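Here's the structure, in structure tokens; my notes come after.
Residue numbers (this note's numbering), protein chains in the order written: chain B, 1 to 144; chain G, 145 to 253.
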């Protein structure tokens, strides 16, 4: 249960520095981090390890905030931060963005994973993860 | 914005935090059983087993079918699936955001 994760890869015609800035400067984050049909009325970024950020998103479906804390800042190759919102059930998840230069292009790898919380660690200690995984695999993807 | 039930996971973990209840879930993972059949696996009273079944039922992990005087219990693993709910949301969120980042980068050139 504690190993849920998503990974994405993209190639951009830009340098690592440009992409790193797009991910860390509030004025730039506003330009692309906001879903279509929504706006970001408020954003604050304290870019240091242990520093936090807050991104308020507003759409006709409602308002919600994404908040988190920077865990690793290695300009211009790696950025890791916690991420929580109503869509993560307000539990902390971890987003890691890695930038790999290929000539004039940059490959971006984004990993979004959950952080094993105390309960998940206890479950793991009890050897129950494999059983839970087996149960989850029995659930039909649709109609649950 | 899709809202998920924050309490579901806590209920699930609480329900599984007892060895008898975990054994009940293991038993039912194989096939449905009556309460008497379930009770026969344990060295505790029928009343005791019934109480554990009730906790699992309240957490939504077990469903009960009643045929006459016989109560059949079967497993409903759907609550466990809830843990992965954010995955479905963020798969499309990050795909769209990363595409938007590409558009933004290209527009600036």
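Yeah, the Cβ is synthetic: ideal placement off N, Cα and C, and Gly gets one too.
Predicted, not measured: the structure shown is a model, and the values here were computed from it.
In this structure, residue 64(B) places its C-beta atom within 8 Å of the C-beta atom of residue 85(B). For residue 202(G), the uninterrupted alpha helix (DSSP H) segment begins and ends at 190–202. Around residue 70(B), no beta-carbon contact reaches into chain G at under 8 Å, the shortest distance being about 18 Å. Listed as beta-bridge partners of residue 216(G) by DSSP are 178(G) and 209(G). Under the three-state reduction of DSSP output, residue 160(G) falls in the coil class, being neither helix nor strand. For residue 42(B), there are no neighbours in chain G by C-beta distance under 8 Å, as the nearest C-beta there is about 17 Å away. If the five residues before and after residue 23(B) are omitted, its C-beta is found closer than 8 Å to the C-beta atoms of 29, 79 and 97, all from its own chain and listed in chain order. Not a single C-beta of chain B is nearer than 8 Å to the C-beta of residue 177(G). Per DSSP, the beta bridge partners of residue 69(B) are 52(B).
Taking a cut-off of 8 Å for Cβ pairs, the region 229–246 of chain G and the region 201–213 of chain G do not touch, as fewer than three such pairs fall below it. Contact annotation: the region 5–14 of chain B touches the region 241–250 of chain G, with at least three C-beta pairs closer than 8 Å. Among the residues facing chain B, residue 162(G) is not included, as its CB has no counterpart in that chain under 8 Å away. DSSP links residue 78(B) through a beta bridge to 74(B) and 98(B). Going by DSSP, residue 19(B) is part of the alpha helix (DSSP H) stretching over 16–24. DSSP places residue 184(G) outside any beta strand (DSSP E), giving it a letter other than H or E.
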